[in-house]
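Inspection log for the structure reproduced underneath, given as C-alpha cells.
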DNA sequence: GCTTGACCTGTTATGATATTACATTCATAG
DNA sequence: CTATGAATGTAATATCATAACAGGTCAAGC
Ligand SMILES: [Zn+2]
Ligand SMILES: [Zn+2]
Ligand SMILES: [Zn+2]
Ligand SMILES: [Zn+2]
C-alpha cells in the first residue's frame with residue numbers, strides 16, 4: 056500500500072524528534088488520523104466515534120494523558136462518563152498500534168508513526184511533559200541480545216527514559 | 056572496599072541470569088543482605104527492622120511483590136498495617152539501590168547485585184513470574200545514543216521485557 | 001543527665017488508577 | 001426482518017498510592 060502522501064514533501068513529519076521540534080502539528084495530527092483510518096480498516100476493525108474522538112484528543116498535543124483525563128473530555132462531549140468508556144477505547148487504540156501506554160506515567164500518547172511496525176522507546180521530558188518516540192531499533196536489538204544470552208525470549212518490551220528535552224535543557228542552562 | 060567474599064568461589068552468584076538458573080538461593084539472599092548492611096552504613100542510612108524485614112521478604116524469591124503483598128506480611132509480624140509502612144520501606148530500599156520497582160507490574164524486587172552501580176534492565180517471565188536483572192550496559196548505551204541524536208538528556212530509564220524464561224520456554228515447547 | 005532536633009514509625013483519611021459484571025444498543029449478515 | 005456478535009453505557013468494586021499528622025526513638029550537644 057502506498058503512503059498517504061509523500062513524506063519528502065513535509066520535512067519533520069517523520070522525524071524521530073517530532074515531539075521536541077517545532078512543526079506543522081495540524082498536519083501531523085491530521086496525517087496520523089488518516090493513517091489510523093487506513094490501519095483500522097486494513098485490520099477489519101472499526102474506528103467508531105468514541106475511539107476516533109479519543110485518538111483526536113491524544114493527538115492534540117505531544118504528551119501523555121491519563122485515562123481519567125480522557126474520560127473527563129469524553130464526558131463533556133456526550134459520551135459515557137464511566138472509566139471503562141475511556142479504558143476500552145484506549146485499549147483498542149493500543150492494540151491497533153495507534154497509541155502507546157507510558158508505564159512511568161500511567162498515561163497514554165498517540166503514536167507518531169502508526170502503520171509502521173515498531174517497538175518504540177519513549178523520551179519523556181520531566182519539565183514540559185512532552186513525549187517523543189525515539190529510534191528504538193538499536194536499543195531493542197541490544198535488549199534482544201542481552202535476553203538471548205540467558206535464553207529468555209522477549210514478547211513485549213517497555214523502554215522509557217525520563218530527562219530533559221532539548222528546549223527545556225536550553226532553558227535550564 | 057573489598058568484596059564481602061570471593062565471587063569466584065560461588066559460581067552463579069553474580070551471573071546475569073541468576074533468577075532463571077538453579078542456584079544456592081540461601082547464599083544468594085544472605086549475600087544480598089550483608090551487602091545491604093554495607094551499602095546503607097556507607098551511605099549513613101539506617102537499615103531499621105521494618106526496612107530490613109521488607110528486604111528479607113523481597114529476597115525470599117526472585118520475583119516481584121506488590122506493596123500490599125509486602126504490607127500483609129509485615130502486618131502478621133507485628134509491624135504497622137497501613138500502606139505507608141510498606142511504601143516507605145520500599146522507597147528507602149529503592150533509593151539505596153537495594154530494590155527496584157518494576158513498572159509493568161506495579162511491584163518491587165530485590166536487587167541481585169546491590170552496591171554495584173547499574174542502570175538495570177529486567178526480564179520478566181509471564182509464565183512463572185520470575186524477574187531477572189539483565190546485563191543492561193549495551194542497551195543503556197544504545198538508548199543514550201538515540202537520545203543524544205535528538206538532544207535529549209536521560210536522567211532515569213526504565214527498561215523491561217516481558218516474555219518467557221528458558222525453563223518455561225522449554226516446558227511450553 | 002537533660003534537651004533538642006532529626007528521623008522513623010504508626011494511623012487516619014483520601015486520592016488515583018483500573019477492572020468486573022451486566023444491561024442496552026448498534027451494525028451487519030443471513 | 002431477525003438473529004448474531006460487537007460496541008457502548010453504567011454501577012459497583014478492586015487495586016495502587018499519597019497527604020497529613022501524632023507519637024516514639026535516638027544520638028549530639030549542652
Ligand atoms: Zn505534531
Ligand atoms: Zn521539555
Ligand atoms: Zn537467588
Ligand atoms: Zn518462567
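Protein chains in written order, with our numbering: chain A, 56 to 228; chain B, 56 to 228. Each residue gets a CB set at the ideal place from its N, CA and C atoms; glycine is no exception. What you are looking at is a predicted structure, and each value in this text was computed from that prediction instead of being measured.
What in chain A is Cβ-close to residue i, meaning under 8 Å?
i: residue 200 of chain B; result: 193
i: residue 219 of chain B; result: 207, 208 and 210
Along chain B, in chain order, which residues have C-beta atoms closer than 7 Å to that of residue i?
i: residue 197 of chain A; result: 193, 194 and 197
i: residue 158 of chain A; result: 158, 159 and 213
Report the neighbours of residue i on chain A: residues whose CB is nearer than 9 Å to its CB, in chain order.
i: residue 145 of chain B; result: By Cβ distance, chain A contributes nothing, its closest Cβ being about 17 Å from residue 145 of chain B, past 9 Å.
i: residue 224 of chain B; result: 206, 207 and 208
Since I believe residue j is in contact with residue i (beta carbons under 8 Å), could you give me their beta-carbon distance rounded to a whole number of angstroms?
i: residue 311 of chain B; j: residue 148 of chain B; result: Outside the displayed span of chain B (56 to 228) sits residue 311 of chain B, for which this structure offers no information.
i: residue 213 of chain A; j: residue 215 of chain B; result: 4 Å
i: residue 193 of chain A; j: residue 201 of chain B; result: 7 Å
i: residue 227 of chain B; j: residue 74 of chain B; result: 18 Å between Cβ atoms; not a contact.
i: residue 211 of chain B; j: residue 219 of chain A; result: In fact, because the Cβ distance is near 11 Å, the residues do not count as touching under 8 Å.
i: residue 108 of chain A; j: residue 129 of chain A; result: 7 Å
i: residue 87 of chain A; j: residue 165 of chain A; result: 6 Å
i: residue 98 of chain A; j: residue 151 of chain A; result: 6 Å
If we call anything under 7 Å between Cβ atoms a contact, is residue i one with residue j?
i: residue 170 of chain B; j: residue 90 of chain B; result: yes
i: residue 117 of chain B; j: residue 185 of chain B; result: yes
i: residue 154 of chain B; j: residue 120 of chain B; result: no
i: residue 134 of chain A; j: residue 105 of chain A; result: yes
i: residue 182 of chain B; j: residue 224 of chain A; result: no
i: residue 195 of chain A; j: residue 174 of chain A; result: yes
i: residue 197 of chain B; j: residue 189 of chain A; result: no
i: residue 158 of chain B; j: residue 204 of chain A; result: no
Taking 6 Å as the cut-off, does the CB of residue i come closer than this to any heavy atom belonging to ligand 5?
i: residue 185 of chain A; result: What this structure holds is ligand 1, ligand 2, ligand 3 and ligand 4, not ligand 5.
Query raised in the report: Name the residues in the region 116-142 of chain A whose C-beta lies less than 9 Å from a C-beta of chain B; which are they?
Result: none
Query raised in the report: Of the residues that make up the region 203-217 of chain B, which ones have a beta carbon closer than 9 Å to any beta carbon in chain A?
Result: 204, 205, 206, 207, 208, 209, 210, 211, 212, 213, 214, 215, 216 and 217
Query raised in the report: Counting pairs of beta carbons, one from the region 174-189 of chain A and one from the region 131-142 of chain A, are three or more of them closer than 8 Å?
Result: no
Query raised in the report: What residues from the region 163-189 of chain A come within 8 Å of chain B, judged by C-beta to C-beta, listed N to C?
Result: 176, 178, 180, 181, 187 and 189
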